Amino acid sequence: MTSSAPKKILVANRGEIALRIMRSIKELGHIPFAIYSEADAKSPHVAFSHQAFCVGPAPSSESYLQADTILDICKREKIDAIHPGYGFMAENKIFAEKCAKANVAFIGPLPDTIEQMGDKILARRAAEKAGLPMVPGSHNLKDAAEATAFAEKIGYPVLLKAKAGGGGKGMRKVSKAEEIEEAFRLAQSEAQKAFGDGALYMEKCLVHPRHIEVQVFCDHHGNVYTLGDRECSIQRRHQKIIEEAPAFGLSETLRQKMSDVSKALCQQVNYHGAGTIEYLVDENQNFYFLEMNTRLQVEHPVTELVTQLDLVALQIRAAFGEKILIDPKITGHAIEVRIYAEDPALNFIPQPGMIEQIIWPTGPGIRIDSGIESRSEISLYYDPMIAKISTFAQNRAHAIEKMKWALSETIIVGTKTNKEFLQDILCNKDYEKNNVSTTFVEENMPFASYRDISEVELAACFATLFSSDASLAKVHSKASMWWTSRLPRFQWYK
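For reference, each letter of the sequence shown is one residue, going 2 to 495 in our numbering.
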């Protein structure tokens, strides 16, 4: 608990991350407020809050992305701070600036830092100044012709990437010149829709790299920490589905180098709060800067489990000006899997609809983060993630076995999920031996193809899903008991 008077903190998000943030707000002795769209009126995060406010219809552009509406609530309710979670407003410079003008603390980095690291070109320049090794890459590309010329210069395969992007949106791998024009068009269109900015750049595509990230944390008093690293190589459609902490099999020399340059980048950009610096690591353990995420990561639970630190509590304490004095230590091994309402056999197409029943696993070293419970709806409007299941043990092999047990005990009735797909990965011999890379899913799993789905195909699939006129039932209005009881107790101070 903090010694200062309770603060009113509004969580500008939904679902599992809103619940998770409010848990720490309450444990610190502060007061959590929530927002919700009309589609989320009966969601658990609404019931768990002290008070919740509707911000608009279901589409996020008309609700969770309505900055002025959110800040009007803050003014009326005398809110002290906003925690944006991840997604939505988390990396929005304009929103952070509006918070500052409204005298509402934004629990995250400074607006200029968000802008600098959110622009992938500016981020590369900052990383280069800080001494981070870089994958060969371009400036902003004007058109497909310029992209073709640069690809010929650095050699195929290449990646077209959204300048303002993240999470695999606006990204296309190109293996030969004939693919550039179509890939450029698709990536630009996707980037414009996802980020409001269709600008693209290009990077050399490393073959069979591992995706490793370093968790950083900085207060407003010059203290800069790295809180270990994470393995994030198991991905589908460039989005992570299994994460581990610490990354297994890295040499201590490499681990220390990544920590050192990560701290250097934080100092270079005057970073405040929690953030993640992502790297690609090749087969010879050479590493290259990929990007920096100026927010809390989806996979932060595995870092919390191996450090026994509450990252959200640290964010809140730092945002209110507290000096953060910690001595991070890594103990044991943690694994997180993301359970999605999707069909792996159909290129992971989302499966929105009603969850009839959920039974979560229990036991020591098992953590559940979810905003979904029995009779909840997986909405067409939002990410179809149902839950994150994390396991903790003294070593990687035991953590994997514990995750197998946890998934076997997980029962989800009412929609297709990727549970069996995750179980197949965990039982894969290459995964068990940590022979992993970002191409693991394409190369090791039983389905023939994991190609990107066109908008036409996606629309056709959704039309099929909703061809019947069955209405979706309402969700329970009461927050489930597992959320209030299963999170581990963290140490706030060391």
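Every residue gets a Cβ at the ideal spot worked out from N, C-alpha and C, and that includes glycine. In this text, all values refer to a predicted model and were calculated from it rather than measured experimentally.
So what does DSSP say about residue i, is it helix, strand or coil?
i, result
"R339", "strand"
"M355", "strand"
"Y432", "helix"
"I115", "helix"
"H273", "coil"
"V414", "strand"
"T308", "helix"
"K170", "coil"
"M404", "helix"
"T295", "coil"
"I350", "strand"
"P33", "strand"
"T227", "strand"
"K43", "coil"
"R376", "coil"
"D261", "helix"
"L326", "coil"
"R126", "helix"
"V442", "helix"
"E300", "coil"
"A103", "coil"
"Y382", "coil"
"G197", "coil"
"F288", "strand"
"I108", "coil"
"C219", "strand"
"L133", "coil"
"R238", "coil"
"L142", "strand"
"A388", "strand"
"Q268", "helix"
"L11", "strand"
"K154", "helix"
"H209", "coil"
Pop quiz: residue i and residue j are said to be a contact at Cβ under 8 Å. What is the actual Cβ separation, rounded to whole angstroms?
i, j, result
"T332", "V303", "No, T332 and V303 are not in contact; Cβ-Cβ is about 12 Å, not under 8 Å."
"V313", "R15", "With a Cβ gap of about 16 Å, V313 and R15 do not count as contacting."
"A192", "G223", "Not really, about 36 Å apart at Cβ, beyond 8 Å."
"A97", "H221", "So it is not a contact: roughly 15 Å between Cβ atoms."
"K136", "L281", "In the sequence as presented, Lys is not what sits at residue 136; that position holds Val. That belief holds up - the Cβ atoms of V136 and L281 are roughly 7 Å apart, short of 8 Å."
"E337", "E300", "5 Å"
"K417", "R339", "With 8 Å as the limit, K417 and R339 do not qualify as a contact, their Cβ atoms being about 15 Å apart."
"D283", "L207", "6 Å"
"P210", "S391", "Wrong, their Cβ atoms sit about 24 Å apart, outside the cutoff."
"G366", "A394", "6 Å"
"L72", "M90", "10 Å between Cβ atoms; not a contact."
"K164", "E292", "Actually they do not touch by this definition, with Cβ atoms about 11 Å apart."
"D230", "P247", "5 Å"
"K9", "K79", "6 Å"
"E433", "R296", "E433 to R296, Cβ: 32 Å. No contact."
With 16 as the cutoff for other CB atoms within 10 Å, does residue i come out buried or exposed?
i, result
"I77", "A small correction: the amino acid at residue 77 is Arg; Ile does not occupy that position in the sequence shown. Label assigned to R77: exposed."
"R186", "exposed"
"T114", "buried"
"P7", "exposed"
"P85", "buried"
"I1", "The displayed coordinates of the chain run from 2 to 495. Any statement about residue 1 would go beyond what the structure contains."
"I350", "buried"
"S472", "Caution applies to S472, whose pLDDT of 37 falls short of 50 and renders its modelled position unreliable; the model cannot decide the point."
"R503", "The structure shown has nothing for residue 503, since the chain only spans 2 to 495."
"E245", "buried"
"S190", "exposed"
"S25", "buried"
"F414", "For the sequence presented, residue 414 should be read as Val rather than Phe. V414 should be labelled exposed."
"T363", "exposed"
"D144", "exposed"
"R397", "buried"
"I18", "buried"
"P385", "buried"
"S5", "exposed"
"S486", "Its pLDDT being 33, under 50, S486 is placed unreliably by the model, and nothing is read from it."
"I83", "buried"
"I387", "buried"
Three or more C-beta pairs closer than 8 Å, one from the segment 88 to 102 and one from the segment 34 to 51: is that the case here? no
Are the segment 168 to 180 and the segment 127 to 137 touching by the rule of at least three beta carbon pairs closer than 8 Å? no
Which whole runs of the alpha helix (DSSP H) in the segment 64 to 101 are 4 residues long or more, in chain order? 68 to 78
Is it the case that the segment 402 to 409 contacts the segment 38 to 49, given that we only count it when at least three CB pairs across the two stretches are under 8 Å? no
The segment 249 to 266 contacting the segment 342 to 361, beta-carbon criterion three pairs below 8 Å: no
Do the segment 421 to 434 and the segment 367 to 381 make contact, defined as three or more Cβ pairs closer than 8 Å? no
If you pair each beta-carbon of the segment 208 to 220 with each one of the segment 272 to 289, do three or more pairs fall below 8 Å? yes
Could you say if the segment 323 to 332 and the segment 235 to 243 meet the contact criterion of at least three C-beta pairs nearer than 8 Å? no
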